[in-house]
Amino acid sequence: KKLVFQNKYNANTIYEWNIDGMSEYNILRLLQQMKMVSNVYKTQNQNGIISDHAIANLLVAGFTGQLKGWWDHALTKTQQKEILKAIKKDDQGIIILDEQGREIQDAVATLIFSISKHFIGDPSHLKDRNSELLSNLKCKKSTDFKWYKDFFMTRIMKRSDNQQSFWKEKFLTGLPTLLGEKFRNQIRENIRGIIPYEKLTYGELISFTQKE
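Just so you know, we're using my numbering here: the sequence shown kicks off at 97 and counts up by one.
As structure tokens, this is what we get:
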């Protein structure tokens with residue numbers, strides 16, 4: 097097993113997943129990394145297509161500490177199977193099929209949701225925590241921008257007030273000071289005036305950050 101280092105993922109490696117002593121913020125960040133590793137397993141595997149169910153098993157194989165204790169002892173064998181064999185269903189519990197009429201595997205998302213629910217709480221009750229997380233979210237280095245953008249967008253879209261100017265401005269103020277100021281200046285120059293956060297979409301803000 098290898099420890100996870102951002103942007104250095106390998107499809108042929110089983111990574112160690114450990115949340116011992118982590119804050120809620122860092123657990124959520126680790127879960128985001130888990131999603132990214134899962135995508136690498138899915139897209140870069142040299143042995144052909146790997147199933148979502150198989151990827152979930154690879155993630156579980158890397159559990160240590162509290163995560164391993166949770167998996168081995170807090171969950172029953174039936175609950176483990178329900179996670180590892182999960183398929184997509186709609187809000188009424190009806191199985192969702194793909195264009196070929198096949199079931200869509202959903203083990204990775206179910207596993208990550210289960211970890212979040214057990215160690216952080218029911219996501220449906222996380223609005224206040226979500227607000228605090230977003231308010232305190234910082235992108236400390238420019239190399240962390242992709243993670244910052246993905247994490248911010250994942251959290252903000254769960255809020256009913258996601259189009260408020262405050263959150264759009266927060267997206268830029270959360271960047272490294274010099275980088276954030278550079279992007280704000282680019283936007284001001286482009287629109288020749290005060291930044292109209294209420295009119296800009298998140299996609300437009302992100303597009304400015306990707307211009308050199």
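No residue lacks a Cβ here, since even glycine has one placed at the ideal position from N, Cα and C.
A contact is defined here as three or more CB-CB pairs under 8 Å, and the region 174-185 fails this definition with respect to the region 234-253.
Distance check between residue 121 and each of 267, 229, 251 places 229 closest, using alpha-carbon atoms only. Taking each of 146, 179, 216, 257 in turn and checking the Cα distance to residue 127, the smallest one comes out for 216. Between residue 174 and residue 198, the alpha-carbon positions lie close to 23 Å from each other. Remark: three or more beta-carbon pairs, one from each stretch, lie closer than 8 Å, so the region 153-168 and the region 129-138 are flagged as touching.
The straight-line gap separating the alpha-carbon atoms of residue 280 and residue 235 is approximately 16 Å. A contact between stretches requires three or more CB pairs, one per stretch, nearer than 8 Å, and the region 241-258 fails this requirement with the region 190-208. Taking 8 Å as the cut-off, the Cβ atoms of residue 231 and residue 254 do not count as close.
Beta-bridge partners of residue 199 (DSSP): 193. A Cβ-Cβ distance of about 6 Å is found for the pair residue 245 and residue 302, placing them in contact under the 8 Å criterion. Between residue 114 and residue 179, the alpha-carbon positions lie close to 19 Å from each other. Per DSSP, reduced to three states, the secondary structure at residue 291 is coil, with no helix or strand assignment. Using a 10 angstroms sphere on the CB of residue 148, the tally of other CB atoms reaches 16 or more, which defines it as buried. Under the DSSP assignment, residue 114 falls outside any alpha helix (DSSP H); it carries neither an H nor an E label. Under the DSSP definition of a beta bridge, residue 185 partners with 191. Per DSSP, the continuous alpha helix (DSSP H) segment holding residue 135 begins and ends at 120-140. Put simply, of 166, 105, 227, 151 the residue whose alpha carbon is nearest the alpha carbon of residue 213 is 166. With fewer than 16 other Cβ atoms inside 10 Å of its own Cβ, residue 196 counts as exposed.
Residue 258 and residue 292 have their C-alpha atoms roughly 15 Å apart. According to the DSSP assignment, residue 303 belongs to the alpha helix (DSSP H) that extends over 298-305.
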